[in-house]
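Q:
Residue numbers (our numbering), protein chains in the order written: chain A, 119 to 466; chain B, 119 to 466.
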């Protein structure tokens, strides 16, 4: 039986869904994977933090948080440390970084991850920022300290992209990527193509809880730009950042333009792509009219799709159909299981 | 540096393409994976066999075969053993089973695999038969003898299906599968929808070299039935065989019927699915009219697509675009690398 101790940094929607998933899979983890996962530290943005020598009762932490209280009321000794203090002093094996995205800098998540990897603590994150801004540095740091760094949830939620390439396509070189990666834009475009205004469509996305806190991150293509940067950095060896993406959002599009495409049997998608050029990896995000011959034609609503072009395996496309919060939580869960698997391999 | 010794059982198109891939990746294998792959035995159907104590010069074996000669002319001591004798007496670590499919029985491939796994030799195969008829027995045998048994190439060539579930979706339960899995039928249907006769369309597929030796295996849905059986056995715990599939092929379809679907904006695909029922896993293969809302609508020509329905990850679809022989060879190559990886983990 192995025990993995976790520090949860950030306790928003994804972290709480992940906590519920952990609770529901306790028995399965123990019986099928011989694994006990104990949360020993939690840091929230504005409701305090907890550092414990022992397993925290995650159910109680969730109850406190969801009834609007500070989690510091839990009753362990060390409360109200900052996230960085939690990372530096807690006894966790794995830090789960789920703070909100700051697209301009990748902070504070990058500092959190740097601190954890620097201590030899493995890291799972669903935050695109650090990967878009500092992938190279963080991956090297992990290698130096022998810690693991996983981030499946940063692109297309739990749908395997990074694990797909790493664990099922050994020896394949990724020559290019192309896809529809932003759920909000895709939903807004899908709604507008059926005649709704952008404002109504955006409200619909907001009600589903899938928009970024600042809607311009979605609408102006920043989220897709960050994702394509992550793909280029991790899969194609680019050392890029989101500002280098040739980026156009969907803000300026009118219902009339979109209906025009539909009337000619086509559809509009926000397409992100990365491809090698002589001077590095070229990255682009922008609305494109696609015909029925394109995989993206069938990607409606909040679905996403990504095509990986490779040397030995040709073109492989993977499609995620209308995901919920569960899928992002699953990405973290799956990464954690891979970390456990790899830790056991290294153990004597 | 690790050395893996291979016995190639079957030396048809896929085995020879795999051999060329091995030759072209020698340096990469040594430098990036610290792996030397030596072929020490080859068995052909009608051109003899070779068993050697040392690495065979694969380039020379290929040259002999492709100039129409018996490979026994190579000049090692043991030639012309049967495939089973090669498996029982050669010194290989991994047996690569690539003999032709016999859909009625899964033989002789099943006997070959049983003999290899029984000796503790790991096995890679792209042959559906043994998986469709004897998966359960062979998987248990591998577990008992501590050998590895991999078969990515049996469904959708090199596109990861089994590795996708095993290595990137830990803990996920597969609740059902649905897809278009037979390249020949899909190409024939695509051609017939543009007005060609079934005979012309079949000839086109034959020229591409993608048909089974006996075209009825494709046209009557047997190949798709075998594939969906493999998926049900491996991913859903069924203990099924291809005869249990509710099966209709495309033989009876007329160009007029197909054009009728096209004229109403729809398309015809040969759809294979497996889903749990109270009395086991229900499996079905048959032509279906699909609309633009279906992923299968966009799967033209020799492309394939499979949707996996899971508990934690929702619906994930993976699409293979117009594969060539290279992709099947890559399936074997990728399986071999996973075997190497797992062997190292187990090593002290």
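Ideal Cβ positions, reconstructed from N, Cα and C, are used throughout, including at glycine.
If you reduce the DSSP assignment to three classes, tell me which class residue 400(B) lands in.
A: If DSSP states are grouped into helix, strand and coil, residue 400(B) belongs with the strands.
Q: What are the complete alpha helix (DSSP H) segments, minimum 4 residues, inside the region 295-359 of chain B?
A: Correct list: 301-311, 316-326, 333-337, 340-354.
Q: Name, going along the chain, the residues of the region 283-308 of chain A whose beta-carbon falls closer than 9 Å to a beta-carbon of chain B.
A: Cβ contacts with chain B come from 284, 285, 286, 287, 288, 289, 290.
Q: Which word fits residue 281(A), buried or exposed, when buried means at least 16 other C-beta atoms lie within 10 angstroms of its C-beta?
A: Buried, because 16 or more other Cβ atoms sit within 10 Å of the Cβ of residue 281(A).
Q: Could you tell me which residues DSSP puts in a beta bridge with residue 213(A)?
A: Beta-bridge pairing links residue 213(A) to 125(A), 241(A).
Q: Residue 341(A) and residue 335(A) look like a contact to me (Cβ under 8 Å); what is the Cβ gap, rounded to whole Å?
A: About 5 Å separates the two Cβ atoms, so the contact holds.
Q: DSSP state of residue 150(B), grouped into three classes?
A: Of the three classes helix, strand and coil, the one that applies to residue 150(B) here is helix, per DSSP.
Q: Show which residues of chain B have a CB atom less than 7 Å away from the CB atom of residue 276(A).
A: Result: 431.
Q: Cα separation between residue 233(B) and residue 163(B)?
A: Near 18 Å, if we compare the C-alpha coordinates of residue 163(B) and residue 233(B).
Q: At a Cβ threshold of 8 Å, is residue 102(B) touching chain A?
A: Absent from the model: residue 102(B). The displayed extent of chain B is 119 to 466, so no value can be given.
Q: Are any of the Cβ atoms in chain B nearer than 8 Å to that of residue 310(A)?
A: Not closer than 8 Å to any Cβ of chain B, the Cβ of residue 310(A) fails to qualify, so no.
Q: Would residue 183(B) count as contacting chain A if we go by Cβ distances under 8 Å?
A: Chain A, which has no Cβ nearer than 8 Å to the Cβ of residue 183(B), makes this no.
Q: Step through the CB atoms of chain B and report whether any lies within less than 8 Å of the CB of residue 133(A).
A: So, not an interface residue.
Q: Answer with yes or no whether the minimum CB distance from residue 436(A) to chain B is below 8 Å.
A: Chain B, which has a Cβ nearer than 8 Å to the Cβ of residue 436(A), makes this yes.
Q: Counting only the same chain and skipping the five closest in sequence on each side, list residues whose C-beta sits under 6 Å from that of residue 299(A).
A: Closer than 6 Å at Cβ, skipping near neighbours: 342, 345, 390, 422.
Q: In chain order, what residues of the same chain lie with their CB nearer than 8 Å to the CB of residue 138(B), ignoring the 5 residues before and after it?
A: Once the five neighbours on either side are set aside, the close Cβ partners of residue 138(B) are 180, 447.
Q: Look at the alpha carbon of residue 443(B) and the alpha carbon of residue 320(B), and state the distance between them as a whole number of angstroms.
A: Residue 443(B) and residue 320(B): Cα-Cα distance of roughly 18 Å.
Q: Have a look at residue 398(A) and residue 166(B) and give me their C-alpha separation to the nearest angstrom.
A: Cα to Cα, residue 398(A) sits roughly 51 Å from residue 166(B).
Q: Taking 8 Å as the threshold (C-beta atoms), are residue 306(A) and residue 323(A) in contact?
A: A contact, by the Cβ cut-off of 8 Å.
Q: Measure from the C-beta of residue 157(B) to each C-beta in chain A and report whether the shortest distance is under 8 Å.
A: Output row for residue 157(B): interface = no.
Q: Which same chain residues end up closer than 8 Å to residue 220(B) when comparing Cβ atoms and leaving out the 5 residues on each side of it in sequence?
A: Excluding sequence neighbours, residue 220(B) sits near 226, 227, 247.
Q: Going by CA-CA distance only, name the one from 410(B), 206(B), 238(B) that's closest to residue 256(B).
A: Comparing Cα positions, the closest option is 238(B).
Q: If you draw a straight line from the alpha carbon of residue 372(A) to that of residue 329(A), how long is it in whole angstroms?
A: When rounded, the distance between both Cα atoms is 20 Å.
Q: Is there a C-beta anywhere in chain B that falls below 8 Å from the one on residue 465(A)?
A: It does not; no Cβ of chain B falls within 8 Å.
Q: Output, in chain order, the set of chain A residues within a Cβ distance shorter than 7 Å of residue 382(B).
A: Neighbours of residue 382(B) on chain A: none; closest Cβ ~15 Å, over 7 Å.
Q: Among 270(A), 245(A), 276(A), 387(A), whose alpha-carbon lies nearest the alpha-carbon of residue 311(A)?
A: Closest by alpha carbon: 387(A).
Q: Would you say residue 456(B) reaches chain A, if we count a Cβ-Cβ gap shorter than 8 Å as a contact?
A: Yes, because at least one Cβ of chain A sits closer than 8 Å to the Cβ of residue 456(B).
Q: Sorted by chain position, which residues of the same chain lie with C-beta nearer than 8 Å to residue 292(A)'s C-beta, five sequence neighbours on each side aside?
A: Within the same chain, residue 292(A) has close Cβ partners 283, 353, 354, 426, 427, 428.
Q: Who are residue 388(B)'s beta bridge partners in DSSP?
A: Answer is 405(B).
Q: Report all residues from its chain with a CB closer than 7 Å to the CB of residue 449(A); omit the five preceding and five following residues, and keep chain order.
A: Contacts found: 244, 270, 271, 275, 276.
Q: For residue 131(B), count neighbouring Cβ atoms within 10 angstroms of its own Cβ and tell me buried if that reaches 16, exposed if not.
A: Exposed.
Q: Can you tell which of 408(A), 394(A), 158(A) has its C-alpha closest to the C-alpha of residue 402(A)?
A: Checking every option, the nearest Cα to that of residue 402(A) belongs to 394(A).
Q: What span of residues does the beta strand (DSSP E) with residue 427(B) cover, start to end?
A: Counting along the chain, the beta strand (DSSP E) containing residue 427(B) begins and ends at 422-428.
Q: Excluding sequence positions up to five away, which residues of its chain have a Cβ less than 7 Å from the Cβ of residue 266(B)?
A: Closer than 7 Å at the Cβ level, and outside the excluded window around residue 266(B), lie 240, 260, 457, 460.
Q: Using 10 angstroms around the beta-carbon of residue 413(A), count the other beta-carbons present and answer buried if the total reaches 16, otherwise exposed.
A: Classification for residue 413(A): buried.
Q: Could you name the residues of chain B that residue 281(A) contacts, counting a contact when the two beta carbons are closer than 8 Å?
A: Those within 8 Å of residue 281(A) in chain B are 285, 286.
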